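A short write-up of the structure that comes next.
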DNA sequence: CAATCCCCGACTGGTTTAGTCGTATTTTAG
DNA sequence: CTAAAATACGACTAAACCAGTCGGGGATTG
Ligand code: SF4
Ligand code: SF4
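Residue numbers (my numbering), protein chains in the order written: chain A, 120 to 275; chain B, 120 to 275.
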């Protein structure tokens with residue numbers, strides 16, 4: 120159904136949180152999990168994978184946490200998703216996996232791969248900064264924007 | 120992982136088959152299933168759904184089968200996928216489904232929906248004619264089979 | 001009337017995924 | 001030095017999903 124996993128979803132939320140919440144301060148797993156009501160152990164695993172993929176830097180210890188390892192505009196959502204869910208493929212087959220039963224007779228492989236490329240580029244062109252720019256709700260400090268399109272308060 | 124289901128995959132293969140294999144002749148489920156080595160009962164269900172969605176017309180009886188209900192260029196792959204897998208959503212939430220636990224606090228919903236729109240439009244701009252145009256060479260069916268009783272001796 | 005084809009829903013087994021648990025390691029406050 | 005706070009890692013479970021199967025119908029043609 121062309122759906123991305125909940126893990127990836129959480130990853131993007133965390134990335135946006137880290138982008139909005141000052142790239143200077145480190146945010147702990149607990150802080151993020153409480154902010155968005157995400158099971159803490161699950162989020163922990165997600166953040167660890169992001170760190171291992173080089174998108175985040177981790178700092179252990181009492182005042183530790185995670186920070187973006189690069190400026191937000193230089194991190195694409197495609198990278199984030201791939202770090203969590205592996206290479207994003209639209210079909211069961213791929214350039215490196217021909218294990219599909221219909222591979223030899225399939226007549227839509229190539230056209231479908233072309234469509235996949237368009238999707239990937241769409242995801243590559245969006246950065247987490249774009250996510251953050253949209254509507255910076257839930258940030259403790261945010262400047263008041265003149266009344267246009269104020270998202271209805273989430274009363275947090 | 121942003122992957123479409125096998126069913127949708129089969130549906131696209133069948134649609135291309137019907138587009139290439141003359142929009143005049145009706146093709147039976149058996150014919151298509153044999154051409155691409157797809158389990159016949161599974162393909163049957165897929166074709167039925169496509170018919171119910173109005174993308175195919177069915178003809179019962181001894182020389183029946185399926186035909187495209189519209190010219191191939193006017194059928195988008197988005198339609199085909201949605202007919203099989205339901206409305207294509209990239210996240211667990213949607214305009215009509217707020218059942219996600221994080222819905223109220225989520226900070227990536229809107230930006231993600233915007234990306235989804237780009238993907239949907241990419242799928243809507245591709246027609247099954249485009250699939251067929253790609254490499255029209257790959258139709259592994261014989262053209263010379265009108266009504267011939269070419270039953271191979273399968274010793275029934 | 002019988003062969004061929006579409007129609008429909010219920011079922012099953014395997015895979016994937018969301019979420020949990022337990023334990024170890026690193027850092028810093030006191 | 002020690003305890004608290006934090007990341008790191010892997011094994012585990014329950015539920016959801018999905019590919020594929022079965023069986024009972026009904027329509028069309030010759
Ligand atoms: S080979 Fe064809 S049928 Fe198999 S996964 Fe790729 S596109 Fe789908
Ligand atoms: S509300 Fe947010 S977290 Fe929940 S499915 Fe939608 S985008 Fe994902």
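We put the CB at the ideal spot given by N, CA and C, even for glycine. As the structure is a prediction and not an experimental result, all values here were calculated from the model.
(Q) What does the alpha-carbon distance come out to for the pair residue 194 of chain A and residue 166 of chain B? (A) 42 Å
Q) Who are the Cβ neighbours of residue 186 of chain B in its own chain at under 7 Å, not counting the five residues just before and after it? A) 137, 142, 145, 175, 176
Q. Closest by CA to residue 206 of chain A, which one among A:179, A:253, A:235?
A. A:235
(Q) Measuring only the C-alpha atoms, how far is residue 139 of chain A from residue 228 of chain B? (A) 15 Å
(Q) Quick check: the Cα distance between residue 153 of chain A and residue 164 of chain A, rounded to an integer number of angstroms? (A) 15 Å
Q) Are there three or more Cβ pairs, one per stretch, closer than 8 Å when the stretch 121–128 of chain B is compared with the stretch 208–222 of chain A? A) yes
Q) In terms of residues, what are the limits of the alpha helix (DSSP H) holding residue 153 of chain B? A) 148–155
Q. Excluding sequence positions up to five away, which residues of its chain have a Cβ less than 7 Å from the Cβ of residue 131 of chain B?
A. 196, 199, 250
Q) Looking at residue 132 of chain B and ligand 2, is the gap between the Cβ and the nearest heavy atom below 8 Å? A) no
Q) Can you find a heavy atom of ligand 2 that lies under 8 Å from the Cβ of residue 227 of chain B? A) yes
Q | Buried or exposed (CB count within 10 angstroms, at least 16 for buried), residue 243 of chain A | A | exposed
Q. So which residues on chain B does residue 238 of chain A lean against when the C-beta distance must stay under 8 Å?
A. 121, 238, 241
Q. Is it the case that the Cβ atoms of residue 110 of chain B and residue 169 of chain B are separated by a distance below 9 Å?
A. This structure cannot settle anything about residue 110 of chain B, because the visible part of chain B is limited to 120 through 275.
Q | Cβ-based neighbour list, residue 159 of chain A, same chain, cut-off 7 Å, excluding 5 preceding and 5 following | A | 148, 149, 152
Q) Identify the residues that DSSP records as bridge partners of residue 176 of chain B: which are they? A) B:186
Q: Measure the beta-carbon distance from residue 230 of chain A to residue 253 of chain B and round it to whole angstroms, keeping in mind my assumption that it falls under 8 Å.
A: 4 Å
**Q.** Neighbour-count burial assignment, residue 184 of chain B, 16 or more Cβ in a 10 Å radius
**A.** buried
Q | residue 248 of chain A versus residue 155 of chain B - alpha carbon distance | A | 45 Å
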